[in-house]
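For the sequence shown, the working numbering assigns the number 102 to the initial residue and increments by one for each residue that follows. Note that beta-carbon positions come from the ideal geometry of N, C-alpha and C, so glycine has one too. For reference, the structure discussed in these notes is given below.
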Amino acid sequence: MDAETRFEFAQSVARHIGAFLLAHYRLQGTAAHAKADHTLVSQADTQADVLVRRLLRAADPEAALLTEEGGARYPEDARGAWIVDPLDGTHNFVFGLPLWGVSVAYVDESGYPSVAAAYFPALQAMYSAWRGHGAWLNGRRIHVRRAAPEHGVALLGVCWPSSRPFRCRPWPWKVRAVGSGVWQQALVAQGATLAAVDCAPRLWDAAAGVLLVQEAGGVVQAFEGPSFFPLVPGQDYRRARAHLIAAGSPETLARVLEVLTGSS
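Right, here's the structure in full:
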């Protein structure tokens, strides 16, 4: 499967899983139970995971597959891997909020994402990215907001909780916690928010969003500890987490980091 085929296939998979989930979505909410890490999982999560594995195994059997509800080890001999969160924003989905979606990314032999798709069925929004070619929302090219962040006139996306406390300065921007890591990264990619802070994402929470932001002209940086990429052969990413900032420019990223850490 060449890069262009994978780019189109990632979107096809995201749409297919999204249609399945939308059929199970209810505005009044749906049943779920808590996992050991206190996050929620619904029957739709597990069924979507089975479905996405079936689709990817049939179309690209040589690629590894890492998902939230399935295996998370990157094989020693892997030549590439699909990284999928079949339902990003489970809490939103369970409680009837429309801010949830399907996150699909392919990591090639370099260990970095090369194509990505993030589909939000309830919003009819398909974000896509192809390394070296750009990023799109419903087929229209998107770009980050590169203007310097001004006091009080920009939005900042935040996903909590963090694995440790931070001594933040007062935020000089409006803050939105959207409940979906990939969606807040997509908002940075389209220029709707100036930056996004995600304090405890797992690999499948970040893979598609990282490429979306980069291909829209933005930057992504781990502000504490290692980043996810490049993937390390033999590593199990089940418990791996990172602290990420996605921003429209290095200047914006530096300003957000200054506020987040209380440094000057």
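Is it buried or exposed for Gly202, if we count other Cβ within 10 angstroms and need 16 for buried?
As a first step, residue 202 must be located in the sequence shown, where it is residue number 101. Label assigned to Gly202: buried.
How do the segment 149-164 and the segment 301-318 stand: do at least 3 beta-carbon pairs fall below 8 Å, yes or no?
no
For Asp103, tell me which candidate among Asp161, Leu123, Ser204 has the shortest Cα-Cα distance.
Mapped onto the sequence shown, residue 103 falls at position 2. Ranking the options by Cα distance to Asp103, first place goes to Asp161.
Is the beta carbon of Tyr228 sitting closer than 9 Å to the one on Ala296?
Taking the first residue of the sequence shown as position 1, residue 228 is located at position 127. Taking the first residue of the sequence shown as position 1, residue 296 is located at position 195. In this structure, Ala296 does not lie closer than 9 Å to Tyr228 by Cβ.
Beta-carbon gap between Val185 and Leu157 smaller than 9 Å
For this step, residue 185 is matched to residue 84 along the sequence shown. For this step, residue 157 is matched to residue 56 along the sequence shown. Yes, the pair counts as a contact, with Cβ atoms nearer than the cut-off.
Helix, strand or coil, according to DSSP, for Gly171 in the structure here?
Residue mapping note: residue 171 aligns to position 70 of the sequence shown, counting from 1. Three-state result, Gly171: coil.
Helix, strand or coil: which one does DSSP assign to Ser113?
Taking the first residue of the sequence shown as 1, we reach residue 113 at position 12. Reduced to three states, the DSSP call for Ser113 is helix.
How would you label Thr191, buried or exposed, when you count the other beta carbons within 10 angstroms and need 16 or more for buried?
Position 90 of the sequence shown, counting from 1, holds the residue named residue 191. That one is buried.
Which residues does DSSP pair with Val216 in a beta bridge?
Translated into the one-based positions of the sequence shown, residue 216 becomes position 115. Looking at the DSSP assignment, Val216 forms a beta bridge with Tyr207, Trp231.
Going by DSSP, which residues form a beta bridge with Gly202?
Sequence index remark: in the sequence shown, residue 202 carries index 101 (1-based). The partner list for Gly202 (beta bridge, DSSP) reads Asp189.
Given 8 Å as the limit, is there contact between the segment 165-175 and the segment 114-123, that is, 3 or more CB pairs closer than that?
no
Three-state class that DSSP yields for Asp178 in the structure shown
As a working note, residue 178 is residue 77 in the sequence shown. Asp178 falls in the coil class under three-state DSSP.
Determine the closest residue to Ile118 out of Ala290, Tyr220, Gln144, Asp306, with distance taken between C-alpha atoms.
The residue given as residue 118 occupies position 17 in the sequence shown. Cα-wise, what sits closest to Ile118 is Tyr220.
I want to know whether the segment 324-337 touches the segment 229-236 - three or more CB-CB distances under 8 Å.
no
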